[in-house]
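In our numbering, the protein residues as written are 1 to 425.
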């Protein structure tokens, strides 16, 4: 009886919370003073001191105010508030109702202002499927042809997994972002991203893109990139940490090796490592470590002259970055993984992967690499253990390669217990 009453009381609470909030007095905001409403939203729904109850009070205030007449700003804020409430700890039925109401608020903006991209962007955030997210982002791009919207659409197309068509469409949208962008730093970032996406599409779908198309993109990027700006970034890495990784990606690509030498790229990496070892913030140290990893992987992935010689310096850089203890710890896991990738000796490679797994035990890609290393070392039992755990964390499309390694290790392991004269089939 008591348990039934308790369940009933919980259900009544959420039913009431979903419909209305406690009557409390909030600071007054004029209807069209969107800055005031935004500050109130941050205070009542986003701040560390905010609670579910304070956000519900704010929700009721917004809904009451917007009932008198349409306001796109308040409709967008209502959709955002409802989306935020759905992400809080609420029962699933209540969460779904918040999401449905959030979609309705964003649809109202799209219906009344079809050329306002904000409504489409809001609908993309609360989309139920990847396909819906792509379609709403298409609407945002058509409403306001902005590079930032194109980049969001390209990322959504890549996640949707629509194969050759989606990969090429994503590359074209990033190329359009590169063409329409006006600021120098963003322009070369979009250009480098477009080139990378076209190259990946060409590698994955060789019949779907011509070499001439790829060459045309590279030529345009070479003509437009502000190389002195990138060189200044490398000479003073802390001046533009947000773009440092993209600077390394651009400067270290083989397509511009004739313009920027490998020595310049290597010098920039050395300076970035030295900067990370100095008196810098934890956030700066993380960005520096990630940028160095990007630069090393860019060099290692290209057939530049003297790349083996360059890679010989990678382990030292990685060890120096590890001594800075970058945060979050996943950065250290990535550094240990890179340490394994650029280590020749198999035992040392295994040690580096073990260190990475100790930090990120749920990464199936690390465990599969360690399992493959154990296969090369003929440590069959250890290989089977790591590979079987790896499958648990990897998505199904990654299982085929792991299964082949498991089969190899299992046959070799079983053969150890068979008499020599017994055939192994």
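The beta carbon of each residue, even a glycine, is placed where N, CA and C say it ideally should be.
Looking only at C-alpha atoms, which of the options sits nearest to residue i?
{"i": "residue 408", "options": "387, 394, 273, 398", "result": "387"}
{"i": "residue 164", "options": "133, 176, 134, 201", "result": "201"}
{"i": "residue 321", "options": "294, 285, 415", "result": "285"}
{"i": "residue 140", "options": "350, 121, 156", "result": "121"}
{"i": "residue 172", "options": "198, 181, 152", "result": "198"}
{"i": "residue 135", "options": "157, 251, 385, 356", "result": "157"}
{"i": "residue 406", "options": "60, 393, 348, 385", "result": "385"}
{"i": "residue 244", "options": "290, 196, 110, 82", "result": "290"}
{"i": "residue 366", "options": "112, 330, 379", "result": "330"}
{"i": "residue 315", "options": "57, 341, 233, 35", "result": "341"}
{"i": "residue 327", "options": "415, 281, 369", "result": "281"}
{"i": "residue 279", "options": "404, 154, 325", "result": "325"}
{"i": "residue 249", "options": "237, 292, 417", "result": "292"}
DSSP state of residue i, grouped into three classes?
{"i": "residue 351", "result": "helix"}
{"i": "residue 71", "result": "coil"}
{"i": "residue 450", "result": "What the structure shows of the chain is the stretch from 1 to 425, and residue 450 is not part of that stretch, so it cannot be assessed."}
{"i": "residue 236", "result": "coil"}
{"i": "residue 92", "result": "helix"}
{"i": "residue 50", "result": "coil"}
{"i": "residue 278", "result": "coil"}
{"i": "residue 403", "result": "helix"}
{"i": "residue 31", "result": "coil"}
{"i": "residue 252", "result": "coil"}
{"i": "residue 361", "result": "coil"}
{"i": "residue 87", "result": "coil"}
{"i": "residue 394", "result": "coil"}
{"i": "residue 313", "result": "coil"}
{"i": "residue 107", "result": "helix"}
{"i": "residue 4", "result": "Note on residue 4: pLDDT 42, under 50, position unreliable in the model; no value is reported."}
{"i": "residue 416", "result": "coil"}
Report buried or exposed for residue i, applying the criterion of at least 16 other Cβ atoms within 10 angstroms of its Cβ.
{"i": "residue 128", "result": "exposed"}
{"i": "residue 334", "result": "buried"}
{"i": "residue 246", "result": "buried"}
{"i": "residue 381", "result": "exposed"}
{"i": "residue 319", "result": "exposed"}
{"i": "residue 371", "result": "buried"}
{"i": "residue 411", "result": "exposed"}
{"i": "residue 376", "result": "exposed"}
{"i": "residue 115", "result": "exposed"}
{"i": "residue 176", "result": "buried"}
{"i": "residue 92", "result": "exposed"}
{"i": "residue 102", "result": "buried"}
{"i": "residue 28", "result": "exposed"}
{"i": "residue 392", "result": "exposed"}
Return no unless some Cβ of chain D is closer than 8 Å to the Cβ of residue i.
{"i": "residue 76", "result": "This model lacks chain D altogether, as it is built from one protein chain only."}
Using 7 Å as the cut-off, classify the Cβ of residue i as near or not near the heavy atoms of the ligand MN, replying yes or no.
{"i": "residue 333", "result": "You won't find the ligand MN in this model; it holds no ligand whatsoever."}
**OP:** List in chain order: all unbroken beta strand (DSSP E) runs of 3+ residues lying wholly within the region 315–359.
**Re:** Those beta strand (DSSP E) runs which fall completely within the region 315–359 and span 3+ residues do not exist here.
Original post:
Residue ranges of each beta strand (DSSP E) run of no fewer than 3 residues wholly in the region 109–182, ordered along the chain?
Top reply: Counting only runs of 3 or more, we get nothing.
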